[in-house]
Amino acid sequence: MRSERNYSFIGTTDPMTSSEVYHCEKYLKRNKRELVQAGKYLIDTAALLSLFHLDCWNCRRVHRETCCEGGQPYAVESRQVFILEREFPAISAHLTDRQKTKKWLDQGVWDKTPGTIRMEHGNCMFYQERDGRYGCAIHAYAEQMEQDVLPLKPFSCQLYPLDLIQTDLGILLTAVTNETSSFSRWGTDYLEQFYCASLDRRKVATHLDAHLFAVDGYRPAYEWNLPLFRYLLGDEAKRIESILQEKIEQSATTIG
Numbered sequence: 001m002r003s004e005r006n007y008s009f010i011g012t013t014d015p016m017t018s019s020e021v022y023h024c025e026k027y028l029k030r031n032k033r034e035l036v037q038a039g040k041y042l043i044d045t046a047a048l049l050s051l052f053h054l055d056c057w058n059c060r061r062v063h064r065e066t067c068c069e070g071g072q073p074y075a076v077e078s079r080q081v082f083i084l085e086r087e088f089p090a091i092s093a094h095l096t097d098r099q100k101t102k103k104w105l106d107q108g109v110w111d112k113t114p115g116t117i118r119m120e121h122g123n124c125m126f127y128q129e130r131d132g133r134y135g136c137a138i139h140a141y142a143e144q145m146e147q148d149v150l151p152l153k154p155f156s157c158q159l160y161p162l163d164l165i166q167t168d169l170g171i172l173l174t175a176v177t178n179e180t181s182s183f184s185r186w187g188t189d190y191l192e193q194f195y196c197a198s199l200d201r202r203k204v205a206t207h208l209d210a211h212l213f214a215v216d217g218y219r220p221a222y223e224w225n226l227p228l229f230r231y232l233l234g235d236e237a238k239r240i241e242s243i244l245q246e247k248i249e250q251s252a253t254t255i256g
C-alpha cells in the first residue's frame with residue numbers, strides 16, 4: 001500500500017510505503033522541538049551528528065559483502081536518466097574488458113524502465129573490479145576523467161548515511177539511526193550488519209585490527225557528505241553547517 005500524501009524520498013522515483021510515511025510522521029511529532037527549521041529544510045541535528053566511519057575501502061575485509069552488492073540502487077530521476085544515458089557510452093568504453101564494453105553497449109543501462117539500473121550477477125551493473133579493487137564504475141570514470149561525480153553518480157548511492165525526505169512540513173535532512181531506520185531509505189541493515197554505522201558494535205569487535213574502521217575515525221554523519229551536502233543545499237549549506245557546529249560546541253560544553 002502506498003501513500004498519496006506529500007512524503008517521498010528526494011532524488012528517486014521509488015515511493016515511500018504507507019508504513020514509512022506513518023513512522024516518519026510519528027518521528028516528526030515526537031521530535032518537533034528538537035528539529036531546527038532552516039528555510040525549506042527541517043534539520044535533524046541529533047541524527048546528523050550521529051557518529052559514522054565510512055571506511056569503505058576496508059569494508060570487504062571485515063564484512064561478507066559491501067553495501068554495493070546484492071541489489072541495485074534506488075531508481076534515478078529523469079534529470080539523471082538523461083545524464084547517465086549521455087555518459088553511458090564513455091563509461092562503458094572506460095572498462096578494461098572489451099567484451100564487457102560491447103555487452104553493455106548492446107544491452108544498455110536500464111532494466112526495462114528508464115531510471116532503474118540493470119543488474120549483473122545479482123549486483124548493480126556498475127559494481128565492477130578495477131586494478132584488484134571493487135567499486136562503482138561511474139565513480140571511477142568520473143575521477144579518472146576529472147569530471148564532477150555529484151551530478152553523474154546515482155543520487156542515493158552518494159547520500160548514505162544521510163537521508164533527504166520530502167514531508168508535509170518541509171524537507172527533512174536526517175541520517176539513518178535507530179530512531180529513523182523505520183522510515184529511512186536505508187532501513188536497519190547498516191545498523192545491524194555494518195561497522196560503519198555502529199560505533200558500539202565496533203568497540204566490542206576486538207578481533208579486528210585497530211586500523212580497520214578505527215574507533216577514533218568516527219565522525220558526525222553530515223561530515224562524510226560535505227561536498228554533496230553543499231551541492232544539494234546551495235546557499236542554505238553554510239547556515240545549516242553553522243547550526244550543526246553550534247550543536248557540537250554546546251554538547252562539548254555540557255560534557256566538559
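Reminder that position 29 of the sequence shown reads as 29 in UniProt numbering, one-by-one numbering, no gaps.
Backbone N, C-alpha and C define an ideal beta-carbon position, used for all residues, glycine too.
Check, Outcome
"Start and end residues, alpha helix (DSSP H) containing Ala90", "Ser78 to Ala93"
"Which of helix, strand or coil DSSP assigns to Tyr7", "coil"
"Boundaries (first-last residue) of the beta strand (DSSP E) holding Ile43", "Tyr41 to Ile43"
"Reference Asn58; option with closest CA among Leu233, Tyr218, His211 and Glu249", "His211"
"Beta-carbon spacing of Leu232, Leu164 below 9 angstroms", "yes"
"Option in Lys100, Thr101, Gln99 and Cys124 with minimal Cα separation from Trp110", "Cys124"
"Supposed close pair Lys153, Cys136 - CB separation, criterion 8 angstroms", "7 angstroms"
"Rounded C-alpha distance that separates Arg30 from Leu42", "14 angstroms"
"Close-in-space but distant-in-sequence residues of the same chain around Arg2 (CB under 7 angstroms, 5 per side omitted)", "At Arg2, the pLDDT of 45 sits below 50, so the modelled position is not reliable and the matter cannot be decided from this model."
"Beta-carbon contacts of Phe194 that lie in its chain and below 8 angstroms, excluding the five residues immediately before and after", "Cys59, His63 and Cys67"
"Cα-Cα separation, Leu244 to Thr45", "6 angstroms"
"Residues of its chain near Gly187, where Cβ-Cβ distance is below 7 angstroms and the 5 sequence neighbours each way are ignored", "Ser181"
"Secondary structure of Tyr218, DSSP reduced to three states", "coil"
"Reduced DSSP secondary structure (H/G/I, E/B, other) of Trp186", "coil"
"CA-to-CA distance, Ile138 to residue 305, given in whole angstroms", "The structure shown does not extend to residue 305, since the chain spans only 1 to 256, so no value can be given for it."
"Start-end ranges of the alpha helix (DSSP H) lying completely within the segment 142-207, minimum 4 residues", "155-159, 189-193 and 199-203"
"Beta-carbon spacing of Pro161, Trp224 below 9 angstroms", "yes"
"Phe126: CB within 8 angstroms of a non-hydrogen atom of the ligand PLP", "The model depicted lacks the ligand PLP and carries no ligand whatsoever."
"Anticipated Cβ contact below 8 angstroms, His94 with Gly217, distance rounded", "Rounded, the Cβ-Cβ distance is 31 angstroms, inconsistent with contact."
"Cα-Cα separation, Ser184 to Ala197", "14 angstroms"
"Collapsed DSSP secondary structure at Leu51 in the structure displayed", "strand"
"Beta-carbon proximity check, Glu25 vs Thr167, cutoff 9 angstroms", "yes"
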